[in-house]
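At position 105 of the sequence shown the residue is numbered 108 (the numbering used here), and the sequence of numbers has no breaks.
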Amino acid sequence: MSPNAGAMSPSQRDDRPVEVPPPVNNHVAHPQANHAAGYGPYNAPGVDVASCWLALAEDSGLCVYVFDLDGRLLHASGSALDAHDILPEDLGHTSLHDILPSPLSNERLELFRNVARSNRPATYESVTRGVRYRATVRPATTPERDRTLVLVTTAPAALHPAERAGVPRELSPNDMGPLRQLTRRELEVLGMIGLGLSTAAIAKRLNRSVKTVEGHRVSLGSKLSVSNRVELARIAIRAGLCEFDPRNHDEPLPPDGD
4 MSPNAGAMSP SQRDDRPVEV PPPVNNHVAH PQANHAAGYG PYNAPGVDVA
54 SCWLALAEDS GLCVYVFDLD GRLLHASGSA LDAHDILPED LGHTSLHDIL
104 PSPLSNERLE LFRNVARSNR PATYESVTRG VRYRATVRPA TTPERDRTLV
154 LVTTAPAALH PAERAGVPRE LSPNDMGPLR QLTRRELEVL GMIGLGLSTA
204 AIAKRLNRSV KTVEGHRVSL GSKLSVSNRV ELARIAIRAG LCEFDPRNHD
254 EPLPPDGD
């Protein structure tokens with residue numbers, strides 16, 4: 004999921020009957036089963052679910068959602084509720100179709116059902132208001148194991164450069180925000196600015212003149228209403244045009260003069 008405008012009314016819900024598959028064994032209280040199913044390792048036996056939910060939903064900074072296979076939103080983190088202007092008392096009464104426009108909501112619901120049927124997680128990426136988000140959908144069950152649900156976590160893709168589960172799939176429509184006015188070449192140059200490349204380095208990589216690249220940079224600043232390379236780099240990172248890996252910042256600095 005990613006924050007997205009254009010909600011649908013409840014009357015436009017997809018009310019097709021849902022064939023609920025057998026419940027899956029995917030609880031924190033059963034780490035060995037999770038590991039065998041390919042969801043681990045979870046070496047934390049005895050950890051209560053409430054503490055795990057608080058850590059995931061409130062401490063991680065992720066948007067976290069729990070949906071049933073009809074697309075009803077049953078639980079969500081505070082950040083997820085804020086992103087869609089949903090009140091806590093509306094949980095259980097809000098549908099995926101109220102959050103996302105069609106056909107995107109139908110596509111997401113189909114993905115949720117496929118995840119539940121296959122008992123395998125899936126990851127997808129989408130762009131909302133010019134920011135690329137990466138979401139992971141995992142199968143889960145109720146505590147009584149009488150109903151299959153899906154757990155969805157979402158964060159800006161630039162903060163999670165490493166793939167962990169599934170193959171990212173692009174879901175349409177994407178909302179590129181102010182980036183939609185850029186040419187393909189300008190997007191390419193913007194991504195290289197986000198990587199910290201100089202104008203000369205970009206020109207060399209693209210086999211173009213410095214003057215041509217500088218023209219693209221000026222055009223980017225004009226179209227995006229920014230005045231310097233730092234602001235352009237920030238936009239590029241948020242849009243997922245270049246990946247930011249915080250692990251690189253843990254590496255020691257080279258000696259002086261290197």
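The beta-carbon is built from N, C-alpha and C at its ideal position, and this holds for glycine as well. Treat the numbers as computed from the prediction; the structure is a model and nothing was measured.
Assignment of alpha helix (DSSP H) within the region 193 to 246, counting only whole runs of 4 or more residues, yields 202 to 209, 213 to 227, 232 to 241 in chain order. Residue environment analysis places R135 among the buried positions, since at least 16 neighbouring C-beta atoms fall within 10 angstroms of its C-beta.
The residue from A138, V69, V118 with its alpha-carbon nearest to that of T126 is A138.
Taking the Cβ atoms as the reference, L99 lies roughly 16 Å from S80, outside the contact range of under 8 Å.
A86 and L59 have their C-alpha atoms roughly 17 Å apart.
For R188, the closest of D51, E217, A160 by C-alpha to C-alpha distance is E217.
L244 and L193 do touch by the CB rule: their CB atoms are close to 6 Å apart, below 8 Å.
Bridge pairing for H78: V69 [DSSP]. L72 places its beta carbon less than 8 Å from that of A119.
Counted as a single uninterrupted DSSP element, the alpha helix (DSSP H) harbouring L112 occupies residues 107 to 121. Shown here, L185 sits in coil according to DSSP, grouped into three states, outside any helix or strand. For P91, the CB contacts under 8 Å within the same chain, skipping 5 residues up- and downstream, are L84 in chain order. In the three-state reduction of the DSSP assignment, E92 falls in the helix class.
Taking T156 as the centre and dropping the five residues before and after it, the same chain places the C-beta of L65, V67, T139 closer than 6 Å to its C-beta, in chain order.
Residue G74 holds the alpha-carbon nearest to the alpha-carbon of S108 among G74, A160, L190. Boundaries for V52: no beta strand (DSSP E) harbours it, while the alpha helix (DSSP H) harbouring it runs 52 to 57, taken from the DSSP string. Cβ neighbours of P159 within its own chain (closer than 8 Å, five residues either side excluded): V134, R135, Y136, R137, R241, G243. Beyond the five residues adjoining it in sequence on each side, A206 comes within less than 8 Å, by CB distance, of S212, V213, T215, V216 in the same chain, given in chain order. The shortest C-alpha to C-alpha distance from S201 to any of L190, A236, Q184, S230 is the one to A236. When the alpha-carbon of N210 is set against those of G224, E191, D51, S129, the nearest one is in E191. When beta bridges are read from the DSSP output, A158 appears opposite R137.
Secondary structure at L103: coil, using DSSP grouped into helix, strand and coil. For the options E128, N122, F70, the alpha carbon positioned closest to that of D101 is the one of F70. Selection G199, R232, R183 evaluated against V130 yields R183 as nearest (Cα-Cα).
With fewer than 16 neighbouring CB atoms inside 10 Å of its own CB, L57 falls in the exposed class. The Cβ atoms of L94 and L77 lie closer than 8 Å to each other.
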